[in-house]
Every structure is written in structure tokens, then in C-alpha cells.
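Last residue of the sequence shown: number 1055 in the numbering used here, and the count goes up by one each step with no gaps.
Beta carbons: idealized from backbone N, C-alpha and C, even for Gly.
Bear in mind the structure is a predicted one, so any value in this text is a computation, not a measurement.
Worksheet for the structure shown next.
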Amino acid sequence: MGTVPGLSPTRSWGKCCECAVLALPVVVLWIQLGAAFNLDTENRVVFTGPPGSYFGYSVEFFKNSSSINILIGAPKANTSQPNVTEGGAVYMCPWSQNNCTIISFDKQGDRYFYINDVNTQVEFKSHQWFGATVRAHGSSVLACAPRYYWRTEHDIPFSDVTGTCYLAVDNLKRFVEFAPCRTERHGPAGQGYCQGGFSADFTKDGRVVLGGPGSFYWQGQLISATTEEIVKAYYPAYFLLSVAGQIQTRQVQGSYDDSYLGYSVASGEFSGDGEEDFVTGVPKGLMLYGLVSILNGSDLKSLLNLTGEQMGSYFGYAVATTDINNDGLDDLVVGAPLFMHRGSNGRLEELGKVYVYLQRGPLELEPSQSHLLGLQAFSRFGTSLAPLGDLNQDGFNDMAIGCPYGGDDQQGSVFIYNGHVGGLKDTPTQTLSGQWAFSSFPASFGFTVRGNKDLDQNGYPDLIVGAFGVDKAVLYRARPIVNASASLTVQPTMFNQEEKHCMLTTGNKSLSVSCVSITFCLLANGKHLPSHLGFVAEVQLDSGKQKQKESIRRTLFLDSQQPSLVKTFNLTNRKPLCHNSNIYLRPEEEFRDKLSPIYISLNFSLDPQAPLDQHGLRPILNYETEQLIEQKAQIQLDCGDDNICVPDLKLAVYGDKTEVYLGDENSVSLTFNAKNEGEGGAYEAELYVALPPEADYSGIARNNVSLTQLTCSYEAENQTRYLVCDLGNPMKSGTSLWAGLRFTIPRLNDTHNTVQFELQIRSKNANNSESEVVFYELKVSAMADVILQGVSRPDKVIFPPPNWTVRQGLGEEKEIGPELQQVFELVNNGPSVVSQTSLVVKCPLKAHGHWLLYPLEVVTEGPLSCSSKTTLNALKLKLQPGAVEGPASLKSNDEHRIQKREVHRDPLGEQENLTCSTVECWQLQCNVGLLQRGRSVILTVRSRVWAETFMERAYKQYMLECSVHFSVDRMPYSVSPTLKPSGSKKVATAVMWNKPNSQYSVPVWIIILAVLAGLLLLALLIYLLYKMGFFKRSDPYGTTMEKAKLKPQASSEA
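Following this line, the structure appears as C-alpha cells:
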């Protein structure tokens, strides 16, 4: 058996969908924007057929004498036909209930005829896909089985997939077969692979048109006849029938083979003769570019061809006709579900496309301003097209476009596009999504769609969507559309805080407040609406503050003292309803914002709790309705008649430092002067200080009573920290205030040479609201306070050393003389770090060939390394732990020796200060490593005083002086230090002598004799004084009277 054109590609698309990508974000946006227009998705009716029957492959409305029903094709359903497997069926379902019954178009099984005296099966109804196409018009129903095939009458049998259809007339009372391709022209060259009924339609006057895309080597053909002609020509006993009056397209040259004419079909008037013409898709014509042909309704001659723009896009897969722009002329819509589009990444994506052609005159079709492009790859946008009629009652017909593998999980989608004067709108107003996700087989929701019938008689057309992959069909009823408008007025529009005409009562207290009146009105109208419509209106006061956290709403309703009002209304169609309320302004001290407008918003919607209408539906607002209305009021300011304040803000900044140091806390005080020299106040005036990343806020300056004490807070914006300080609300004209702020800058680094504060005054005024930005810059420097300290232990050496004698051979260090330690400490008091410092120590070594100090060893603590050209402990003496500090007691030598000095000049004897400028010194060169703030290094130089040199110069005082010098060579920063520290220190050790006791001792007898002589002399002196009467003297003034006579007497002449 031959292949089935069209059905095979269609079925293979389900396999392609397995690799489909997820929906683009725009699809989600569409769903959100259009998810709730007037097709009722909450109360949809779902019809379910037998599993695996492909129930929902085709759908149609059917109106009989009493009601409108739904026809649903199930091309793989089993019926009661004897010996027929999966022959297919058509179900009729009352729209109000899921109670579907099979329409018995054909009760017979396969027919047999005697051929050469053999009873031979001549038709094969199993797997014929009856119900793959279903169309209805008036009381007639056409159902087709495009995969039906029969055995030709020739001796050599052929199996021709001609397809067949059944026509039911008189409200399903009579059924006749219509198989126009079952003719003697068998095989692929004739009509043997016609697949008649692959597509079908009725014209407005009831004429049947069939598409057979397999005729004539798949050139395809259209066949048309009236229902009366078909019924009249039907004779059950005849297998091959011809219909009188039937018209059909003919075979043409071979270049048109494999074109698939008749793949899709529709009817409409395009020639201007008043008779309906036929539109058919030819998706593989013209080298796979595809085309759509408009054929004359009377003779099927070609009138006009429209060509696809892309090879392989399957242009013409689906066609539909309707008057979109309400000009009285039929327009044409064409689907190309395999259309490829180059995406933003440069790669081609299969998105699908739908073309809209507007008829401007006879055979004059003009492409609309924009065609519709699918938004999800492999979704097959444009697979099905269904004119909906005027779904939203705006005067323009609308269109449903199926996208059977679109949406999340490829469950399928249907997009509703509204018409307008320029064609179809670019974006859908509603998106219907399948509820059955892709499993082993796609649900194919949207593979077929049908509309433009009002099932429930509510004045709005409804829509059926098939999902044959899950054996379901879904009915969506259209809800009545309400066109509503509202108005909101505020009178007066200015709150005058000086005029308080309203009385606010809270408990037992009453308060006069400033108030205004608001009035809002609602008006609703529409077609086929219930007598009363429930609305909910919500009024929000100061709605701009509602979105701001921690903001106080400045106005409240007078009666409820709340910032919002929710009210329910019942409106009559076309009759307005109004409501009045008073609102008042809070006391001035309760809010800061006096400048920005007070927005009053009205939001209204249909009452979700209102009862359903008589059809069980809830009306819906037109999606174009402006549901939010805003008005504004102002607070009257002291800014003249126009209520516009124009400040002139000035800012000057002064600091107590110009330089900050790496490693320091760097306390900085900034003093600023803020002025408003304008004509009006600056409302919500604030000082904004943009802190550098290295700085922290410490507080306001309080050490000066003349400075204003501010209230400041931290804010952050895009990684920038701000200090915000309140300067007044308002900061009145003529204001000049001084204030101070304290900061620390502890996180300095050397990547920048400066640290910068940005200061600006900002207000909420509309005009001239800010001052100039003032930059306060501090230079980043490195500075270290390095201190050098030194001490000698001991600070004096007493000669002669105890227990010391001159020896010829020296073996231990103590045999040289007293121990001497010079201790030096280098301290970094910061704040910056020092990375490298030189330290040089110089101490006396020899003088005129005589040793002075004998250096033994150097001890270091911290990052310190030293070297010297002078060899320490050059005599390799045995070292011992340092001697106890302080001089030892000296032993007396009773023997007094006086040596005769040789008469010669001694240069050392003539010197007292033994410094490096007068004697030979040894030098110690040290390098100090990294010194953090507060860290130090200690250098100890241990030596021995060469005693023999000083003993030879008895009782001669000397001063041994060591000098040390340091200089900072480098600091670990890219910025230059302010000053590289350096300094020197001198450490002196005194050489002193004790005088021996034996040298100046006095004999005891001399002392006794001297004492006795002194006593004898004293006694002689006392005796002489006694003899002279010294101890018998009287008072020189005598008695008291005598004393009185000595007083001077007063002058008589005075």
C-alpha cells in the first residue's frame, strides 16, 4: 500500500517534538498578559474518548433542530462494524455534558464482489482513519476516511488508497457515501492514491469541496459537488459512482508532481462575482516553497496564486478565510508551521509563521503590515487555523492559531489573536494551554481548532480544541465582555494647613484638620450583559507611599481614619454610580514629606463573589480597560502663588587635617557650613556624605557649642555608603548652619594617593534641589615615628677592678677586665610600617696602640642582622656568662707603694673623653627588617674594658663613648613617605677610681692628742670670760619704767 501524503508528515511531527526546546521567556509573558480574557478557562468542558482512538483529531460544531452539539473525530476508534479494526468513528457530544455517542455513518463491514467467480474482498475499512476530517453545515455532516483503500476490478489486483467520505443529511437521518476518487483511473498515475477527504469544507451555501493531495503522482486535486447532487447520485448497490454536476481539477504537466494540491481547503469570495471560490494549500509546490491557490468556485480554474517565502516551510499547510478588518471582504490566513527564523545567536530555529492577506478588491490580496511569527522552537505554530467570529465584540473578527507542541513540556497551546483594521494584532490577547504534559506521545493540544459558533446562546462565539494525543477535546465558552470606565476627582487639589474646616473625632477628643473631598464614579456597558453587574472599587490614599517601606501615608479617610477604602457596587448597564468621601491631612509633625504630590488611586474590577449569569458564566472586563486611575493633591507651601519653592543651596567644607597616614586610625573632623540663599525653603533637606571605602563614621562633633547637633544615618547604594544628615524640613530661606562630623580612616592602602569625601546638600524640591558637590581630599602618606634608645650596663666602671691582676697569657674573658654591655633598642611607634632600616654602632677599640675595649659578642632580638669588619673575640678567649651588674667591693692594700714615674709624654694620659673622633673605633653594621607599629629590635654589644691600659694610668678619669646611628631606608608602600626617619644616640661609660685607705691614714695617738688639746683650749677660754665678768651682765634696759622713759614724748607744738 502506498504512503499517505500529509498524514505521514503530520504524525512524524510528534516525534520531532521530543527534541523541542523550552518556551522562550516572551511566551511566558504572553501567557501572563493574555491568560484571562473572555474564553473561560476555569469552567472549560473536557470530552474524553476511548484510549488510543485519537479522539479529538478533528472537531466541529453541529446544530440540529433542538440544540448545537459537538462532533469529534476519532480516526482509530473501533466500532460495531463487523471485521473492521480501528476503522474510526465520529462522536456527537452535547456541549453541556460529557456524554458522547457514535454517529453510525456506516454500519457495514468490508464489501465483497465476485471477480472471476471468486468472492473477493474489494474494500478495506480497517485503519481507514474514518473521522480524520469532519465538517458540518446546517443539517449536513461530512466525515471522511482518507486512508480507505479498495481493490480495483482488474485481474491483476491493485490496492488504491482513494479515500472515501460519508455525507449525513436531514439531521443525521440519511447517510450516503461520497467516494469521488474511487474510479477506473487507478494507480498513482490516476486517482489511486487520491486520499479524498484528506481536507474538506462546506461553502456558505452548502456545497462540498474535498481535497485529494495524492492524485496524479501527488499533484493533488480538488473535487466539489452540492449535497443534493451527492445524495441524488448515491446507489448502495453500485461500487463506482459518478456524481452529476461534480467539478474537479485535472491533471497537469509532470513538473507539478509531488505538490500536494488539496492538502488544506477553505472557501471564500475573492473574484468579485458574488460566488464563493475555493482556497487550497499546495505546501510542496514550486520547488517546496509552497503556494496557496484561489480557484474559481464554478469551474475550479486557477485565479490567483500566493507563493511562500521559504523553501520547506510548508506554506499552505493550513488555510482559513474570514473578514478580519470588517470591510465586507473575505481575507485569507495561511499557516507555514515549518518556517525557519534566524535567532539572536545566528542559528536557524523552526518557529512557524502565519501570513495574513487582506482583500482590497477582486483578486487583490495585500499582505498585512506584519505577519505572525511563532516564539518557541519546534512548536509548529500555524498548524491549525480557526476563524472565531467577533469574540470580543469589537466589530472585528478574531482568529485562533494552534501550536500543538508549544508551551511548557510541549503540552500544546492555542493563541487567540484579535482582529483590527490592519489585520491581526501582533500579540495574542489570550493563550490557552493544554493540561496534559508530553509523555510517551505528545498531547497535541491545538492540533485542530474550530470556532465561530455560539453554543450556549449568550451572544458570544465559542471554541473547541482537540488534543488527540490524549484522546480529548476541550470546549471553551466565551464570557460576556464588560466595557467599564471610571472617573476620580479631588476638590480642592491643595491641602492648606492653615485652613482646617473638618472635625476629626478620636474617642472623646475632637481635632480640626485640613481636608479635601474626593468623588469617584463608575459606568459599565456591553453586549449581552446581565441586568446588574457587581463591581469592587478600591481607593488608596497617598498610594506612592504604599510601595515605600516604613513610609507614613499623609492622608486618611475622615470617617474611618484609614488610608484605603474598599467598596462594592451593583451597576446597571449604561447607568453611572458615584461615591463621595472626605480625606484629611495628618498633623505636620507626623510626616516629613511635604513636597511630593499626594497620589490618590482608584482601582476597580468585577466582583469575583458576584453570582454567575444565566448561562453559568462570569462576565469579564475588557482587557483594554484602564482599571487604575490616579489624581493628585498638593500640600500648600509658603512658596508664593505657584506653590513652587526654589532654594539656592550652598555648602562649604573645612577639615582639621590635610594628610592621613597608612596604618593609623586617622581621626578626621569635617566642619561644614550649609546655607539656603534662595527664595523658598528646601524641603527634606539632607546632607549626603559619600564615604570612601577606607572611612567610617564616628559621630557628630560635640566639642563646640556653636555647632548644630545633627541627626545622621547610614545608607547604602550600589556599594557606596552614604551618611545622610537631616538639615531641616524645610531648610528655610536664609538658613546658615554650622555642624561637624567625625570620621576615622583605618583601612588605608597605598593604591590611591588620596582619600576623597563627597558632600552635597539634597532636597526634594523640583527646582534647584541640590547644591554643588564639594570634594574634600586628604593626601595619603606614610609616616613612622622611630625611636632609638641606648644604655650602658654598668654606666661606670670602678678601678682598680676587684680580684684582677696582670697576667702574661690570657685564657678567659674575665682576665681582660670588667664586663661592659651596651644595649640599644630601635622602636617603631608607627603608625606606618618600616620595611628596611640601617643601624650603625661605633665603639672605642684602641688608642695609640693600647686596647680600650675588647668586643666579645653581639646579641640581637627581632628582625635584625649585623656584621663587622672587626673580629669579635679576636683572641679566642673562653666566654662566660655576663658578670653581675655593679662594681664589686675593693680589697684594701695596706702596703703603700710609690713608684717613680718615668719622665716621658703619654698621649692617652692627656685625653679624658675617649670618642671615635679621638681614638680608633670598631664599627658594627646592622640591617633591620620589617617593623610593624609597636614592634622593636634590641641589639646588645658585650665587651670587656682592657684593665691593664687604665691601670697603667692610675687615678685618671676617662669617659668611654659609643655612638649609634639609624636611618630608615624603605617603607613598604607605593606612596612616598612624608619623611624617612633617622637619628643618633651616644652611650657613655665612666671610668672612675677608688682611693686606697693606706695612702692617707692618720695614727691614733695623734687623734687623741688633738682632742685633748682642743678640750684644754676650751676650758682656758671659759675661765678668761668668767674673769672678765661676762656671765654677770644685767639687762641694758632696766625696769619697765626705765623702758617707758626711753619712749619719745609728744611735741607740744604739734
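Alpha-carbon to alpha-carbon, residue j and residue i
i      : j      : result
Asn581 : Cys516 : 13 Å
Asp560 : Asn583 : 8 Å
Tyr356 : Leu578 : 45 Å
Gly269 : Gly362 : 13 Å
Asn857 : Glu814 : Residue identity differs from the one stated: residue 857 is Leu in this sequence, not Asn. Distance between the alpha carbons of Leu857 and Glu814: 8 Å.
Arg555 : Pro648 : 24 Å
Ala90  : Ala485 : 46 Å
Asp161 : Trp151 : 6 Å
Lys548 : Ile599 : 13 Å
Pro612 : Val415 : 29 Å
Trp68  : Gln458 : The question names Trp, but residue 68 in the sequence shown is Ser. Taking the straight line joining both Cα atoms gives about 10 Å.
Leu523 : Glu627 : 12 Å
Phe340 : Gly420 : 23 Å
Ile32  : Gly408 : Note on Ile32: pLDDT 33, under 50, position unreliable in the model; the coordinate value appears next. Between Ile32 and Gly408, the C-alpha separation is close to 10 Å.
Glu913 : Gly850 : 17 Å
Short Cβ contact (8 Å threshold) for residue i with residue j
i      : j      : result
Val77  : Gly53  : What sits at residue 77 in the sequence shown is Lys, not Val. Closer than 8 Å, so yes.
Ala438 : Ala468 : no
Pro405 : Ile417 : no
Asn677 : Gly641 : no
Ile701 : Val824 : no
Leu262 : Pro214 : yes
Val320 : Val280 : yes
Glu1   : Gly212 : This structure cannot settle anything about residue 1, because the visible part of the chain is limited to 2 through 1055.
Asp796 : Ala991 : yes
Phe382 : Leu352 : yes
Pro620 : Leu534 : yes
Ala691 : Thr721 : yes
Gly198 : Gly139 : no
Val514 : Ile601 : no
Leu925 : Leu854 : no
Residue closest to residue i, alpha-carbon to alpha-carbon, out of the options
i      : options                           : result
Phe496 : Leu534, Tyr585 and Asp457         : Tyr585
Pro181 : Gly193, Leu376, Met341 and Leu728 : Gly193
Glu625 : Gly435, Gln394 and Ser552         : Gln394
Ile73  : Thr80, Ser59, Gly423 and Glu367   : Ser59
Leu728 : Leu650, Met400, Phe106 and Glu277 : Leu650
Ala479 : Val491, Arg794, Ile465 and Asp970 : Ile465
Phe446 : Ser668, Pro462 and Lys473         : Lys473
Phe125 : Asn623, Pro147, Val135 and Pro51  : Pro147
Asn766 : Ala683, Ser434 and Asp259         : Ala683
Phe38  : Leu618, Arg587 and Ser260         : Leu618
Tyr655 : His616, Asn644 and Thr672         : Thr672
Val567 : Val537, Val142 and Arg348         : Val537
Phe776 : Tyr689, Val798, Asp543 and Asp639 : Tyr689
Collapsed DSSP secondary structure at residue i in the structure displayed
i       : result
Lys633  : strand
Ala444  : coil
Val1012 : helix
Lys454  : strand
Phe558  : strand
Tyr257  : helix
Leu925  : strand
Gly179  : The question names Gly, yet the displayed sequence has Phe at residue 179. Residue state, collapsed to three classes: strand.
Val1005 : helix
Lys815  : helix
Ser544  : helix
Phe1031 : helix
Ile73   : strand
_Every unbroken alpha helix (DSSP H) inside the stretch 484 to 541 [4 residues or more]_ = Whole alpha helix (DSSP H) segments, 4+ residues: zero.
Only counting runs of 3 or more residues, tell me where the beta strand (DSSP E) segments fall wholly within the stretch 716 to 749, in order along the chain.
Within the stretch 716 to 749, the complete beta strand (DSSP E) runs of at least 3 residues are 721 to 729 and 737 to 745.
Beta strand (DSSP E) runs wholly inside the stretch 367 to 408, at least 3 long, in chain order
385 to 390 and 399 to 404
Margin query: Which runs of the alpha helix (DSSP H) at least 4 residues long sit entirely within the stretch 207 to 283? Give them in chain order.
Written below: 216 to 219 and 228 to 234
Completely contained alpha helix (DSSP H) runs for the stretch 579 to 609, where each covers 4 or more residues:
none
Within the stretch 303 to 339, ranges of the beta strand (DSSP E) (whole runs, at least 3 residues):
303 to 308, 319 to 323 and 332 to 337
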